[in-house]
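Here the sequence shown is numbered in this note's numbering, starting from 685 and rising by one per residue.
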Amino acid sequence: MTVSKVSMTGLEATARALVAPGKGLLAADESHGTIGRRFQTVGVANTEDNRRAYRQMLLTTPGIGECISGVILFDETIRQRIDDGTSFVDALARQGIIPGIKVDAGAKRLAGAPGEQVTEGLDGLRERLAGYVQLGARFAKWRAVITIEGTRLPTPLAIDANGHALARYAALCQEAGLVPVVEPEVLMDGDHTIERCFEVTEATQHAVFHALVEHHVQLEGMLLKPSMVLSGATCPRQAGVQEVAEATVRCVRRTVPAAVPGIVFLSGGQRDELATAHLDAMNRLAGPRPWELSFSYARALQAPALAAWRGDPARITEAQRIFSHRARCNSAARRGQYTAELERTVA
Ligand code: 13P
């Protein structure tokens, strides 16, 4: 290892800033298809201007920079401007928020592995990353999807293919000066137990770190964005908050090297308050925790604000108040200080 690799690099400084105390990430990088499904639930048409207006509502929320360190943008959004002509990137900078960008091209069917997916987007990625750096991005995200189906899925092939893609993406990001947020999501869909989720999550994270090391990814200059260890959504026995927190931390203790500055969990379809409670319980656990445990939620931060907004300009202030509240609750959970009283407190 060279001396420069031992000293703190720009990548490490950015990664640490993204998991600064009390702060986490907002994932606002829904593809057109995904945001369309979210908009449909509140009767908003999936047009370019509605997507811009919605994200402007979120990202110009007053004081949001106190709880949100970074926002993951979509390709369309990083090129858009808010009403006063300021780019989204500059509007984030005004609040001290670091702009990030989703760079994968989505999970596609993996040939030879029925029911499983691999994330595409490596072709031309070096050039695309250079373009995003020009636009002001400082970090990036790539999501891999792992499906549990009994003991049949996932197959080792799907785990390896996704680990390989994540590692190639992460290495390209660091070459470009971007912090890679490495997201292996084990889906909560299915009737599997929390024990089965643990087994699959552990195997997936082991494979991902093995691939990252093989591809010479500097662990200090990245973040892991995993799913929590949960009961499957339709499992008859749903593990409680404490059990989820203990299983999730036990899992990452086994798999995530201490050199990684932070673990930023996705919410994955959990109810918003439950996602906050799980993060809080993890941060209250005793025992060694060499990395920051934080959030990178999309749905669990956005869902109540979207429902309040409903595309109505007259409801922006109320929607921002609700968004700010969720961000504050998660900021407290980040420190293990989330309480029922705080949840009920109206800002
Ligand atoms: P959720 O928090 O809604 O799972 O989204 C996080 C994310 O970025 C998925 O890629």
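Glycine is no exception: its CB is placed at the ideal position from the N, C-alpha and C atoms.
Every value quoted in this text rests on a predicted model; they were computed, and no experiment measured them.
Does the distance from the C-beta atom of glycine 847 to that of alanine 895 stay below 8 Å? yes
Within the structure, which residues are defined as neighbours of the ligand 13P by a Cβ-heavy atom distance below 5 Å, reported in chain order? Ala711, Arg827, Leu950, Ser951, Gly952, Tyr981, Ala982 and Arg983
Does the pairing of the stretch 912 to 928 with the stretch 701 to 716 give three or more beta-carbon distances under 8 Å? no
Return the residue from the list Asn730, Val755, Arg739 and Thr718 that minimises the CA-CA distance to alanine 1003. Arg739
Looking at C-alpha atoms only, which residue of Asp844, Val787, Thr1001 and Leu757 is the closest neighbour of aspartate 774? Leu757
For serine 688 and valine 865, what's the separation of their Cα atoms in angstroms? The pLDDT assigned to serine 688 is 49, lower than 50, so where the model puts this residue is not dependable; a value taken from the coordinates is nonetheless given after this. Taking the straight line joining both Cα atoms gives about 22 Å.
Cβ-based neighbour list, methionine 685, same chain, cut-off 7 Å, excluding 5 preceding and 5 following: Because the pLDDT at methionine 685 is just 48, under 50, the model does not fix this residue reliably, and the value given afterwards should be weighed accordingly. In its own chain, leaving out the 5 sequence neighbours on each side, no residue places its CB closer than 7 Å to the CB of methionine 685.
Assign histidine 900 to buried or exposed, taking buried as 16 or more other Cβ atoms, counted over all protein chains shown, within 10 Å of its Cβ. exposed
My assumption, with CB atoms under 8 Å, is that alanine 634 sits in contact with isoleucine 1006. Please give the rounded CB distance. A question about residue 634 goes unanswered here, because the residues of the chain that appear run from 685 up to 1031.
For threonine 839 and arginine 999, what's the separation of their Cα atoms in angstroms? Answer to the nearest angstrom: the Cα atoms are 47 Å apart.
Return the CA-CA distance between glycine 706 and leucine 695, expressed in angstroms with no decimal places. 20 Å
Sequence-distant residues of the same chain with beta carbon closer than 7 Å to leucine 850, five excluded per side: Trp826, Ala828, Val866, Pro868, Val892 and Ala895
Serine 978 bridges to which residues according to DSSP? Val948
Three-state class that DSSP yields for glutamine 1004 in the structure shown: Glutamine 1004: helix per DSSP, three-state reduction.
Beta-bridge partners of alanine 676, as assigned by DSSP: Shown here, the chain extends from 685 to 1031; a query on residue 676 therefore has no answer.
So leucine 862 packs on valine 817, CB below 8 Å; how close in whole Å? Between the beta-carbon of leucine 862 and that of valine 817 there is about 7 Å, and that keeps the pair under the 8 Å contact cut.
Taking the alpha-carbon positions, what's the leucine 813 to histidine 876 distance? Cα to Cα, the separation comes out at about 38 Å.
Proline 783 burial status per 10 Å Cβ neighbour count (16 or more: buried): buried
Does the pairing of the stretch 905 to 913 with the stretch 935 to 955 give three or more beta-carbon distances under 8 Å? yes
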